[in-house]
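Residue numbers (the working numbering): 311 to 567.
Next up, the structure:
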């Protein structure tokens, strides 16, 4: 199924680099369970029991979501939410490059429905990284009649979701790549960047860094510095001893004169 009227046009088709990136980031790996509404996006089922997502449909729904976001005149009316930790940096960078409003971390109840609240907002469209984790934001968006775009896995609930993008939303790399591709497509449709040139922003900027890995790196660096410190101290001690011995010889030579 093509989103363009001219089936011969390949302007909006996925490039081999895009498909390779999605496979490398394991965007096609779904869950062992599947919702009835998500069966249309399942290609097959692997030997390990996990369902395989059709990446062609993933890319088509990504383009559809980008077209919906471009119709919003004021980018600040787009709200991007991620409660999960590995999606917080992705929504932050998405908001930075598309000028959209982002909410990273815990979603405060009443943000879309309670007008007395200090952080009350009325977005025109909502984008979430996981319908199960961001269920509070989706429920309030449904009450406020706000369209919802969500990255959905095979076992994700799609109630109140208007545009479901089938993808592995349980991996940090896949979520980072999807937000990067969505931001790139929005900027392309707006004419900010060209399709003929690669976007200068790297996917790594959207990737949430592992805090445990950072702590391990700090510990290894500290251990290496501690191991190097005694060697430097010993060398300095030897140099000071040599200078001291040389100073005594000069002193004795002066007394003899």
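By construction, the Cβ of each residue, glycine as well, lies at the ideal position given by its N, Cα and C atoms.
Computed from a predicted model, the values in this text were never measured in an experiment.
Start and end residues, beta strand (DSSP E) containing residue 413 = Position 103 of the chain shown, counted from the start, is the residue given in the question as residue 413. Segment 411–414, the beta strand (DSSP E) holding residue 413.
Just the C-alpha distance for residue 325 and residue 338, rounded to the nearest angstrom, thanks.
-> Taking the chain shown and counting its residues from 1, the one referred to as residue 325 is at position 15. Taking the chain shown and counting its residues from 1, the one referred to as residue 338 is at position 28. So the two alpha carbons sit approximately 16 angstroms from each other.
Quick one: grab the DSSP three-state call for residue 475.
-> Residue 475 sits at position 165 when you count from the first residue of the chain shown. Residue state, collapsed to three classes: strand.
From what residue to what residue does the beta strand (DSSP E) around residue 436 run?
-> Here residue 436 is taken as the residue at index 126 of the chain shown, counted from 1. Where residue 436 is concerned, the enclosing beta strand (DSSP E) stretches over 435–438.
Return the residue from the list 434, 389, 348 and 415 that minimises the CA-CA distance to residue 361.
-> Within the chain shown, numbered from 1, the residue matching residue 361 stands at position 51. With distances taken between Cα atoms, residue 361 lies closest to 348.
Apart from the five residues on each side of it in sequence, which residues of its chain come closer than 6 angstroms, Cβ to Cβ, to residue 515?
-> Within the chain shown, numbered from 1, the residue matching residue 515 stands at position 205. Hits under 6 angstroms: 403.
Where are the alpha helix (DSSP H) runs, 4 residues long or more, that stay fully inside the region 335–401, in chain order?
-> Counting only runs that start and end inside the region 335–401, the alpha helix (DSSP H) elements of at least 4 residues fall at 365–380.
With residue 459 as the anchor, note down where its beta strand (DSSP E) starts and where it stops.
-> In the chain shown, residue 459 corresponds to position 149, counting from 1. Segment 458–462, the beta strand (DSSP E) holding residue 459.
Taking the C-alpha atoms as reference points, what is the distance between residue 508 and residue 494?
-> For this step, residue 508 is matched to residue 198 along the chain shown. For this step, residue 494 is matched to residue 184 along the chain shown. Taking the straight line joining both Cα atoms gives about 10 angstroms.
For residue 327, does the count of other Cβ atoms within 10 angstroms reach 16, so buried, or fall short, so exposed?
-> In the chain shown, the residue the question calls residue 327 occupies position 17. Label assigned to residue 327: exposed.
Beta-carbon contacts of residue 343 that lie in its chain and below 6 angstroms, excluding the five residues immediately before and after | To locate residue 343, count along the chain shown from 1; it is residue 33. Excluding residues within five positions, the ones whose Cβ falls inside 6 angstroms are 465.
Expressed to the nearest angstrom, what Euclidean distance is found between the alpha-carbon atoms of residue 472 and residue 400?
-> By 1-based counting over the chain shown, the position of residue 472 is 162. By 1-based counting over the chain shown, the position of residue 400 is 90. So the alpha carbons of these two residues sit roughly 21 angstroms apart.
Work out the CA separation of residue 440 and residue 492 for me, nearest whole Å.
-> Position 182 of the chain shown, counted from the first residue, corresponds to residue 492. Position 130 of the chain shown, counted from the first residue, corresponds to residue 440. Cα to Cα, the separation comes out at about 15 angstroms.
Measuring alpha carbon to alpha carbon, tell me which of 518, 375, 334 and 340 ends up nearest residue 438.
-> By one-based count along the chain shown, residue 438 stands at place 128. Nearest C-alpha to residue 438: 375.
Cβ pair count under 8 angstroms reaching 3, the region 415–429 against the region 370–388 | no
Limits of the alpha helix (DSSP H) - the one that residue 488 falls within | Your numbering for residue 488 matches position 178 in the chain shown. 482–500 is the span of the alpha helix (DSSP H), which, as asked, contains residue 488.
Measure how close the beta-carbons of residue 480 and residue 463 come, nearest whole angstrom, since I'm counting them as under 8 angstroms.
-> By one-based count along the chain shown, residue 480 stands at place 170. By one-based count along the chain shown, residue 463 stands at place 153. With 8 angstroms as the limit, residue 480 and residue 463 qualify as a contact, their Cβ atoms being about 6 angstroms apart.
Counting only the same chain and skipping the five closest in sequence on each side, list residues whose C-beta sits under 6 angstroms from that of residue 490.
-> Along the chain shown, read from residue 1 onward, the residue named residue 490 stands at position 180. Result list for residue 490: 513 and 516, in chain order.
What separation, rounded to the nearest whole angstrom, lies between the Cα atoms of residue 531 and residue 336?
-> The sequence position of residue 531 within the chain shown is 221, counting from 1. The sequence position of residue 336 within the chain shown is 26, counting from 1. The straight-line gap from Cα to Cα measures roughly 31 angstroms.
Kindly indicate which residue of 383, 534 and 389 has the alpha-carbon position closest to the one of residue 450.
-> What you label residue 450 is simply residue 140 of the chain shown in a count that begins at 1. When each option's Cα is compared against that of residue 450, the closest is 389.
Identify whether residue 506 lies in helix, strand or coil by the three-state DSSP scheme.
-> Position 196 of the chain shown, counted from the first residue, corresponds to residue 506. The answer is coil: DSSP assigns residue 506 none of H, G, I, E or B.
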